[in-house]
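Q: Below: one structure in structure tokens.
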Amino acid sequence: MMRIALGIQYDGAAFCGWQSQPHGKTVQDALERALAEFAQTPLHTTVAGRTDTGVHGLGQVVHFDTELDRADFSWVRGTNAFLPPTVGVQWAKPMPDAFHARFSAFERTYYYALYVHPVRSPMLDSRAGWIHTPLDDDAMREAAACLIGEHDFSSFRSSECQSKTPVKHLYQIDIRRVGHFLHFRFRANAFLHHMVRNLMGCLVAVGRGRYPAEWLAEVLAGRDRNRAAPTFMADGLYLAHVGYPAEFAVPPAQLGSVPWSGVWADLDPQP
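Now the structure itself:
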């Protein structure tokens, strides 16, 4: 039996999230159908992070076990031949049995691209979030600073979250402006369900001047979802990178597949 890891990219707007559902169109279902067609046998995948409806994947990682002995690139080309154009395998690599797509990961990085302009652009539909009012970058950075570190993030957790603990370690929140775009980068050991979108909702509320920067520290300390801003739109949210120990030599994500990925080229591993 061999363990194979795959790097996956997908357009989340085309799916009802990652996880297989009885009556939903999901990324997992599309991938496992394609693998079954190529391998001529059912294969079950385990994923690094289950993204929500509308959330995109740049650096998603899965693994599966199989008795089939195929060349690495054969898995890539063969599986892609049966996938819809909104999903693609980027790389394949044999892994030791100790590798686990979810439990071996020690960090995850998400990007959020936000278009700040009085008029929405149809060219950015589902690719970027949009807000028509100006935002105060400095106020958002000041508010974000209180979130860094290990905290109970219950205030930013959805009611459907299945995580065993709301305590996560948020390593970084970076905010950069490029033209009419504000780019956000969130890096943590793990994230709760809707955590990034709920953080975005609060940061945007501060940026619009609805609350002072110190309000976010009060929301965090309150550990009450009702005290936070509404969940922000999924458009513009990307799972960019999953970090693993060097011993597994997991290939970096193909981040250049979106125009603004270069914004973070100095911070994230590049292929």
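Per full-length UniProt numbering, the very first residue in the sequence shown carries number 1; after that it's consecutive. Backbone N, C-alpha and C fix where the C-beta goes; we use that ideal spot for every residue, glycine too.
1) On a Cα-Cα basis, can you pick out the residue from 245, 250, 238, 242 that is closest to residue 259?
2) Considering just the uninterrupted stretch of the beta strand (DSSP E) at residue 109, what are its terminal residues?
3) Given a threshold of 16 other Cβ atoms within 10 Å of its Cβ, counted over all protein chains shown, does residue 133 qualify as buried or as exposed?
4) Does residue 177 come within less than 7 Å of chain C when only Cβ atoms are used?
5) Tell me residue 26's beta-bridge partners as DSSP assigns them.
6) Okay, do the region 76-85 and the region 205-216 touch, 3+ Cβ pairs below 8 Å being the bar?
7) Quick one, which of 151, 77, 94 has its alpha-carbon nearest residue 188's?
8) Comparing C-alpha positions only, which one of 14, 176, 54, 75 sits nearest to residue 272?
9) Label residue 106 either buried or exposed according to how many other C-beta atoms from any shown protein chain fall within 10 Å of its C-beta, with 16 as the threshold for buried.
10) Could you check whether residue 18 and residue 28 sit closer than 7 Å to each other, using their CB atoms as the reference points?
11) When the Cβ atoms of the region 113-124 are set against those of the region 175-182, are three or more pairs found closer than 8 Å?
12) Is there contact here, the region 87-102 with the region 119-137, by at least three beta-carbon pairs under 8 Å?
13) Can you tell which of 235, 70, 255 has its C-alpha closest to the C-alpha of residue 120?
14) Using a Cβ-Cβ cut-off of 6 Å (strictly less than) and excluding sequence neighbours within five positions of residue 34, which residues of its own chain qualify?
15) Would you call the region 226-234 in contact with the region 139-150, where contact means no fewer than 3 C-beta pairs closer than 8 Å?
16) May I have the straight-line CA-CA distance separating residue 240 from residue 20, to the nearest angstrom?
17) I'd like to know whether the C-beta atoms of residue 61 and residue 176 end up nearer to each other than 7 Å.
18) Among all the DSSP beta bridges, which residues are the ones paired with residue 187?
19) Can you check whether the CB of residue 155 is closer than 7 Å to the CB of residue 225?
20) Would residue 54 pass as a contact of residue 12 if the rule is Cβ separation under 7 Å?
21) For residue 224, which of helix, strand or coil comes out of DSSP?
22) Which full runs of the beta strand (DSSP E) of 3+ residues lie inside the UniProt domain "Pseudouridine synthase I TruA alpha/beta" (9-103), going along the chain?
23) In the DSSP assignment, what are the bridge partners of residue 151?
24) Got a sec, what are the start and stop residues for the beta strand (DSSP E) residue 144 sits in?
25) With DSSP collapsed to three states, give me the class of residue 242.
26) Does DSSP classify residue 6 as helix, strand or coil?
27) Could you name the residues of the same chain whose beta carbon sits closer than 6 Å to that of residue 261, not counting the 5 residues immediately before and after it, in chain order?
28) Can you have a look at residue 185 and say buried or exposed, based on whether 16 or more other CB atoms are within 10 angstroms of its CB?
29) Beta-carbon separation of residue 248 and residue 192 under 7 Å?
A: Taking the geometry as given:
1) One-based indexing of the sequence shown puts residue 259 at position 259. For residue 259, the nearest C-alpha among the options comes from 238.
2) Counted from its first residue, the sequence shown places residue 109 at position 109. The continuous beta strand (DSSP E) containing residue 109 extends over residues 107-116.
3) Indexing the sequence shown from 1 puts residue 133 at position 133. Its Cβ having fewer than 16 others within 10 Å, residue 133 is exposed.
4) The question asks about chain C, but that chain is absent: this structure has only one protein chain.
5) As a first step, residue 26 is located in the sequence shown; it is residue number 26 there, counting from the start. Answer is none; residue 26 lacks a bridge partner.
6) The answer is no - the region 205-216 does not touch the region 76-85, with fewer than three Cβ pairs under 8 Å.
7) Taking the sequence shown and counting its residues from 1, one reaches residue 188 at position 188. Checked all of 151, 77, 94; the closest Cα to residue 188 is 151.
8) Since the first and last residues shown for the chain are 1 and 271, residue 272 lies out of range.
9) Numbered from 1 along the sequence shown, position 106 holds the residue referred to as residue 106. The residue is exposed, with fewer than 16 neighbouring Cβ atoms inside 10 Å.
10) Taking the first residue of the sequence shown as 1, we reach residue 28 at position 28. Taking the first residue of the sequence shown as 1, we reach residue 18 at position 18. Yes, these two residues count as a Cβ contact at 7 Å.
11) Touching, yes, given that three or more Cβ pairs across the two stretches are closer than 8 Å.
12) When C-beta atoms of the region 87-102 are compared with those of the region 119-137, fewer than three pairs fall below 8 Å, so the two segments do not count as touching.
13) In the sequence shown, counting from the first residue as 1, residue 120 sits at position 120. Check the Cα spacing between residue 120 and each of 235, 70, 255: the tightest is with 235.
14) Residue numbering aside, residue 34 sits at position 34 when the sequence shown is read from its first letter. The residues are 79, 82, 83.
15) Contact between the region 226-234 and the region 139-150 is absent: fewer than three C-beta pairs spanning the two stretches fall below 8 Å.
16) As a first step, residue 240 must be located in the sequence shown, where it is residue number 240. As a first step, residue 20 must be located in the sequence shown, where it is residue number 20. Rounded to the nearest angstrom, the two C-alpha atoms are 21 Å apart.
17) Your numbering for residue 61 matches position 61 in the sequence shown. Your numbering for residue 176 matches position 176 in the sequence shown. Not in contact: residue 61 and residue 176 (Cβ atoms no closer than 7 Å).
18) If you number the sequence shown from 1, residue 187 lands on position 187. As a beta-bridge residue in DSSP terms, residue 187 pairs with 109, 172.
19) Along the sequence shown, one-based indexing puts residue 225 at 225. Along the sequence shown, one-based indexing puts residue 155 at 155. In contact: residue 225 and residue 155 (Cβ atoms closer than 7 Å).
20) Working through the sequence shown from its first residue, we reach residue 54 at position 54. Working through the sequence shown from its first residue, we reach residue 12 at position 12. Less than 7 Å divides the Cβ of residue 54 from the Cβ of residue 12.
21) Within the sequence shown, numbered from 1, the residue matching residue 224 stands at position 224. The answer is coil: DSSP assigns residue 224 none of H, G, I, E or B.
22) 56-66, 87-95, all fully within the UniProt domain "Pseudouridine synthase I TruA alpha/beta" (9-103).
23) Locating residue 151 in the sequence shown gives position 151, where the first residue counts as 1. 168.
24) Position 144 of the sequence shown holds residue 144. First-last for residue 144: 137-145, but that is the alpha helix (DSSP H), not the beta strand (DSSP E).
25) The residue labelled residue 242 in the question sits at position 242 within the sequence shown. In the structure shown, residue 242 sits in a strand (DSSP, three-state: E or B).
26) Indexing the sequence shown from 1 puts residue 6 at position 6. Strand at residue 6.
27) Here residue 261 refers to the residue found at position 261 of the sequence shown. Cβ neighbours of residue 261 beyond the five flanking positions: 255.
28) Start at 1 with the first residue of the sequence shown, and residue 185 comes out as number 185. Burial of residue 185 is indicated by the presence of at least 16 other C-beta atoms within 10 angstroms of its C-beta.
29) The residue you call residue 248 lines up with position 248 of the sequence shown. The residue you call residue 192 lines up with position 192 of the sequence shown. Against a cut-off of 7 Å, the Cβ pair of residue 192 and residue 248 comes out as no contact.
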